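Novice:
Number of protein chains: 2
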Amino acid sequence: MRILHLADLHIGKKVHSYSMLEEQRHILCEETMYVIRDNNIEVVLIAGDIYDTPMPSGQAVELFDEFLTLLNELNIKVYIIPGNHDSAERMSFASDILKNNSIYISKPLNYDVDNARLESYELCDEYGKVNIYLMPYLRSGNVKEIIDNTDIDRNERNILVAHQFVSCIGYENELSDSEVISVGGVDNIDVGIFDEFDYVALGHLHAPQHIGRETVRYAGSILKYSFSETDQKKSFTIIDFREKENISIEKIPVVPINDMRKIKGPINKLLSEDIYKDGNVNDYIQATITDEDEVFDAMRRLKEVYVNLLKLDFDNSRTRAHNKVENIDNVEKKDELTLFKEFFKNRTDMELTEDEEKVMIDIINGVNKV
Amino acid sequence: MRILHLADLHIGKKVHSYSMLEEQRHILCEETMYVIRDNNIEVVLIAGDIYDTPMPSGQAVELFDEFLTLLNELNIKVYIIPGNHDSAERMSFASDILKNNSIYISKPLNYDVDNARLESYELCDEYGKVNIYLMPYLRSGNVKEIIDNTDIDRNERNILVAHQFVSCIGYENELSDSEVISVGGVDNIDVGIFDEFDYVALGHLHAPQHIGRETVRYAGSILKYSFSETDQKKSFTIIDFREKENISIEKIPVVPINDMRKIKGPINKLLSEDIYKDGNVNDYIQATITDEDEVFDAMRRLKEVYVNLLKLDFDNSRTRAHNKVENIDNVEKKDELTLFKEFFKNRTDMELTEDEEKVMIDIINGVNKV
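This is the structure we're talking about:
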């Protein structure tokens, strides 16, 4: 059975106010369809964050509709879970009826998490039965319980679709700026709790990566959605699932209409044909200008070459001096304790005592456990 | 062919902050199903205002999903258009796929109204073919053009589902407070433009009523949604469509869990068992207290009997004196010119001259035409 694993579509997302809808249409309605045809895909798993917001725009809903309709025309079986960005209730509209058309959207579990079980669906191929388990986005504390509540036959072939922050001791997750690490890792789920599943199709982290074993895997987002993702190689993840434990994985690069990348240097260099002619001037650009002198009208001048310039920064001795007040972007990289210590220092000009620090750690851990 | 015509569900609506969701669940998922079974209904038409807002809550979406799923289990063919309260884009999610399950949700027409045609679907029964035309809510100025653009065979049986403000010379529409009459009637559509259709299933006005001929008809809302609707008799509209021009219509009363009604009198009378024992004390109540003396703690005292008291007014010589400043509710009953004249008088203490009034009429008509 050949399966395409997708995640983190974030349909309707805007990056620095620029709508990615046309890129998304290109990836979903064109490129994905080629990949499906070329690779004899029969099943598509979509591991959450379909939309960028619980209240997606009409245009975003129309695009997802178009995508599903195309998959349906190709007789693809589609399994969908909501991510933390989605409204599980709104997303499961017509889910019972859509099952008749081989589209399986998981229902919200929120009402009674303690007694909830994973929804599961059976598929068959020449090697026998495959069970596909759907886990809508959940608080991490509930994940183990729901798996424990569910009858899973370890002798059969089992796939889980989930949208969680999964980590593995000894592995460092590849994270972008917005993917915060919590104090003490209370939001992380250890990969070990997925041992019953032959393949775990994850969504949440935007860089494609496996966690521990090769078969617990983030597909990654379909596009670069922030300038902290410019070095990531987005890909289509294809799973060839034969006998139990006989799984091979192939990654096919995603080719967007325009790439997202950073450029840096003196403005005249960035504007020289020698530099820009080697790249696509329509790419989504974050430019950092390094001139020491005042640069007049930089945004307009750069946009004459780089039409999709989305972000403009300056890096010179003056801005570095100002930047002693921390860049707001970096806040997300710090844990709560560090942030509080900086705040305390800033307001009182004193350091926390060791005892005070212990109290804060207890408070932070308490809050994160709620 | 036996058809149930519904409209103005307004799923998720709150009346004076009280959620009507349980009433709506009762009507849609229980009572409607009985009506369908008892009357051998094969087709359900839903003429817009499915939800109360373009961004319905998760609970509202879940209820509509439940309703559609039940209709689908009964093998009912369902035809749905968005009303002015709905987002046409969001509502048409999965519409192409749902057609495979006999659920037809009209697509948005907004992109190119001038060249748009009505979506239509064919049905057959022992008398031959029936064409069902779907017209999503449109600006009234576009309605005639879209009908003109559409090929309609007058020799066949034709049904239109629409959500518009339709009127007929010589007929007075039955309106509730929120159904404003515009200056010069620019928002009204004359019933004559629907001559090609044997039956026109309308939504928009909340009182069940026919406009001109018996077969151009508002189903009315499924529930009383404001205290100006307390005298309306909500009903299920059942159409028995045999040969062309052989249509009979039956109305079956809607029976909500609790009714919506007004009570008025001195508080002690309203609280006396003689008065309240004859009614359902769980009804949704607007109480008007007529005592001349100060009444202490009226809301709490009334709620001890009338648990769903939603609105409390006072009517005595003092409040009538204060009410010379017009009750805000009445604003909706006045046309724009009257409102402006009152505003002008209020601010300047002068009347509009005849010339000034002409200018205002031109401006108002201009704005309403946009």
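Line order of the protein sequences matches chains B and Z. For the first sequence, the positions run 11 to 380 when my numbering is used. For the second sequence, the positions run 11 to 380 when my numbering is used. All C-beta atoms, glycine included, are put in the ideal place defined by N, C-alpha and C. The structure displayed is predicted, hence computed values, not measured ones.
CB Z/I90 to CB Z/V264, shorter than 8 Å?
Specialist: no
Novice: Do the CB positions of Z/F207 and Z/I169 come within less than 8 Å of each other?
Specialist: yes
Novice: By alpha-carbon positions, which one of B/E302, B/V171, B/E304, B/I273 ends up nearest to B/N290?
Specialist: B/I273
Novice: Helix or strand or just coil, what does DSSP make of Z/Y458?
Specialist: It is not possible to answer for residue 458 of chain Z, since the shown part of chain Z is limited to 11 through 380.
Novice: Please confirm whether Z/N183 and Z/L215 have their CB atoms less than 8 Å apart.
Specialist: yes
Novice: Looking at the C-beta of Z/I46, does it have a partner C-beta in chain B at a distance below 8 Å?
Specialist: no
Novice: Any beta carbon of chain Z sitting closer than 8 Å to that of B/L148?
Specialist: With 8 Å as the cut-off, B/L148 does not count as an interface residue toward chain Z.
Novice: Is the Cβ of Z/M65 closer than 8 Å to any Cβ of chain B?
Specialist: yes
Novice: Any idea what DSSP makes of Z/D365, helix, strand or coil?
Specialist: helix
Novice: Between the Cα of Z/I21 and those of Z/H15, Z/S29, Z/L14, spot the shortest distance and give me the residue it belongs to.
Specialist: Z/S29
Novice: Name, please, each residue of chain Z whose Cβ falls closer than 8 Å to the Cβ of B/A217.
Specialist: Result: empty, since nearest Cβ-Cβ is about 30 Å, beyond 8 Å.
Novice: Our contact map puts B/P146 next to B/P92 with C-beta atoms below 8 Å; I'd like the distance itself, whole angstroms only.
Specialist: 5 Å
Novice: Tell me the rounded alpha-carbon separation between B/K154 and B/K287.
Specialist: 53 Å
Novice: Can you name the start and end residues of the alpha helix (DSSP H) that B/F204 belongs to?
Specialist: Note, B/F204: premise wrong, no alpha helix (DSSP H); not H, not E.
Novice: Taking a contact to mean a Cβ-Cβ separation below 8 Å, would you say B/N152 touches B/N125 in this structure?
Specialist: no
Novice: Could you tell me the alpha carbon to alpha carbon distance between B/M235 and B/L320, rounded to whole angstroms?
Specialist: Strictly speaking, residue 235 of chain B in this sequence is Tyr, with Met absent from that position. So the alpha carbons of these two residues sit roughly 12 Å apart.
Novice: Is it true that the CB of Z/I232 sits closer than 8 Å to the CB of Z/V201?
Specialist: Between Z/V201 and Z/I232, the gap from beta carbon to beta carbon reaches 8 Å or more.
Novice: Would B/T240 and B/K261 be called neighbours here (beta carbons separated by less than 8 Å)?
Specialist: no
Novice: Just to confirm my understanding: we take Z/L84, look at its own chain, exclude 5 residues before and 5 after, and list those with CB closer than 8 Å. What are they?
Specialist: M43, I46, R47
Novice: Taking Cβ-Cβ distances shorter than 7 Å, what residues in chain Z pair up with B/D106?
Specialist: In chain order: T79.
Novice: Determine, for Z/V171, whether the minimum Cβ-Cβ distance to residues of chain B falls below 8 Å.
Specialist: no
Novice: I want to verify the contact list: residues of chain B whose CB lies under 7 Å from the CB of Z/G72, in sequence order.
Specialist: Residue 72 of chain Z is actually Glu in this sequence, not Gly. Those within 7 Å of Z/E72 in chain B are E99.
Novice: Would you mind listing the beta strand (DSSP E) stretches within the region 258 to 339 of chain Z that are 3+ residues and don't spill past its ends, in chain order?
Specialist: 270 to 275, 294 to 299, 319 to 324
Novice: Between Z/I113 and chain B, is the shortest Cβ-Cβ distance under 8 Å, so that the two count as touching?
Specialist: yes
Novice: Please classify B/A331 as buried or exposed, where buried requires at least 16 other C-beta atoms within 10 Å of its C-beta.
Specialist: That one is exposed.
Novice: Distance check for B/I374 and B/E173, CA to CA, integer angstroms please.
Specialist: Glu is not the amino acid found at residue 173 of chain B; the sequence shown has His there. About 24 Å.
Novice: State the start and end residues of the unbroken beta strand (DSSP E) segment that holds B/D135.
Specialist: 129 to 135
Novice: Going along chain Z in order, which residues have a C-beta closer than 9 Å to the C-beta of B/N94?
Specialist: Going along chain Z, no residue has its Cβ under 9 Å from B/N94, so there is no contact; the nearest lies around 15 Å.
Novice: Just to confirm, is the Cβ distance from B/R328 to B/D293 under 8 Å?
Specialist: no
Novice: Do you know whose CA, among B/N256, B/V226, B/D269, lies nearest B/K244's CA?
Specialist: B/D269
Novice: Bridge partners for B/F251 per DSSP, in chain order?
Specialist: BP columns for B/F251 point to B/I257.
Novice: Can the beta-carbon of B/P118 be found closer than 8 Å to that of B/A98?
Specialist: yes
Novice: Assuming Z/L16 is part of the beta strand (DSSP E), what are its boundary residues?
Specialist: For Z/L16, the enclosing beta strand (DSSP E) has its first and last residue at 12 to 16.
Novice: If you follow the beta strand (DSSP E) that B/R164 is part of, which residue opens it and which one closes it?
Specialist: Taken as a continuous stretch (DSSP letters only), B/R164 belongs to no beta strand (DSSP E), as it is neither H nor E.
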